[in-house]
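Heads up: the structure comes next, in structure tokens.
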Amino acid sequence: MEIGEGLMMLGKYIGAGLAMGIGAIGPGIGEGRIGASAMEAMARQPEMIGTLTTRMILADAIAETTGIYSLVIAFMILLVV
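End of the sequence shown = 173 in this note's numbering, gap-free, step of one.
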């Protein structure tokens, strides 16, 4: 019975690690693209810096939610029997 429990724990740890690892790729790429596009837009139209900064922060927050969902799923994998 101990081997079965060990394999179950191994599967849970690998699953949680994959969920968080793969789930963090999307927000990382998305936030990088959002920041790069905002910097380019600010360079082209400096008078819009306030508006662009606000919208960039909002877009970053929305992009980050997928990473938070991945974290929640990883915790659920680990904590549910």
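The beta carbon of each residue, even a glycine, is placed where N, CA and C say it ideally should be.
Skipping 5 residues on each side, what residues in its chain have a beta carbon closer than 7 Å to that of residue i?
i, result
"Ala130", "Leu144 and Met148"
"Gly118", "Thr158"
"Ile153", "The sequence given here places Ala at residue 153; Ile does not occur at that position. Cβ neighbours of Ala153 beyond the five flanking positions: none."
By the three-class DSSP mapping on this structure, what secondary structure does residue i have?
i, result
"Val172", "coil"
"Ala116", "coil"
Output needed for residue i: all residues of its chain with C-beta closer than 6 Å, excluding positions within five of it in sequence on either side, in chain order.
i, result
"Ala116", "Gly159"
"Ala133", "Leu144"
Suppose the cutoff is 8 Å on Cβ atoms and the five residues either side in sequence are ignored; what does the same chain contact list for residue i look like?
i, result
"Tyr161", "Gly115"
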